[in-house]
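Below: the structure, in structure tokens.
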Amino acid sequence: NGPDGYRIEASINDVIDIVCPRINDTFQPDRAQYHKFTQVTKSGYDNCNLAMGGGKTLLRCNRPFVENQLRLLFQEHTTYPGDPIFKHGRDYYFITTADGTEDGIDQSQGGLCSSHYMKLLVHVIGDGITGIPSSSRPTTRDRYNSPTTLLPVSRSISTTSPKASTKLETTVKPTRRKPSK
């Protein structure tokens with residue numbers, strides 16, 4: 012993790028879990044962290060600024076004593092208005108401009124995005140065939156009835172700063188759907 016933040020690749024139907032910082036000791040509220048995870052434009056990402064167009068808050072980490080997370084499904088279509096949709100070959104940008112404190116959760120620029128590079132660029136890869144990540148797709152057999160075993164792949168990204176320990180967990184969970192008839 013450097014000035015450019017984190018960069019990962021995802022296929023359609025992959026899942027990224029954004030896990031809020033959580034503390035178990037209610038006697039140490041000063042260790043609590045507060046963040047807001049926002050999808051932004053490239054300009055907002057480059058400048059750590061929500062006001063530079065397209066800022067959409069996807070997760071507020073404002074309850075440090077309870078488990079709170081966002082499961083971000085990279086899907087091309089959604090049945091829920093307002094859910095993000097993703098297209099092959101495009102980049103998507105996410106930042107937190109909060110400073111980690113309760114009073115600083117709604118900052119619109121700078122914050123941990125600038126000081127600790129708390130930003131994420133996701134490049135959606137693939138060839139337009141959805142359902143199974145491209146690296147795991149069978150090439151000669153029916154991909155819906157293939158005996159190929161697909162194991163979920165997990166990867167965690169976290170920072171070491173006490174004020175910036177939001178954990179990004181990426182989990183590839185292929186969705187096997189039968190073709191509609």
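Just so we're aligned: the sequence shown equals residues 12 to 192 in this note's numbering. Each residue gets a CB set at the ideal place from its N, CA and C atoms; glycine is no exception.
Close CB contacts of Asp117 within its chain, under the 8 Å cut and outside five residues either way in sequence, are with Lys47, Ala109 (chain order). Rounded to the nearest angstrom, the Cβ distance from Cys31 to Cys72 is 3 Å, consistent with a contact under 8 Å. Going by DSSP, Leu84 is part of the beta strand (DSSP E) stretching over 80 to 84. DSSP lists Val135 as the beta-bridge partner residues of Ala21.
Contact between Gln80 and Ile96 fails: their C-beta atoms lie close to 20 Å from each other, not under 8 Å.
When the Cα atoms are used, Leu123 and Tyr56 turn out to be separated by approximately 12 Å. Following the DSSP letters along the chain, one finds Asp28 inside the beta strand (DSSP E) bounded by residues 26 to 30. By a beta-carbon distance limit of 8 Å, Gly16 contacts Leu131. Their separation comes to about 6 Å. In terms of CA proximity to Gly66, Ser54 leads the group Ser54, Phe76, Arg74, Gly111. Contact check for Pro75 and Gln39: beta-carbon distance about 10 Å, past the 8 Å limit, so the pair fails to qualify. Scanning its chain for C-beta atoms nearer than 6 Å, with the 5 sequence neighbours on each side dropped, one finds around Ala21 the residues Phe85, Val133, Val135, in chain order. If you draw a straight line from the Cα of Arg18 to the Cα of Tyr104, it is about 9 Å long.
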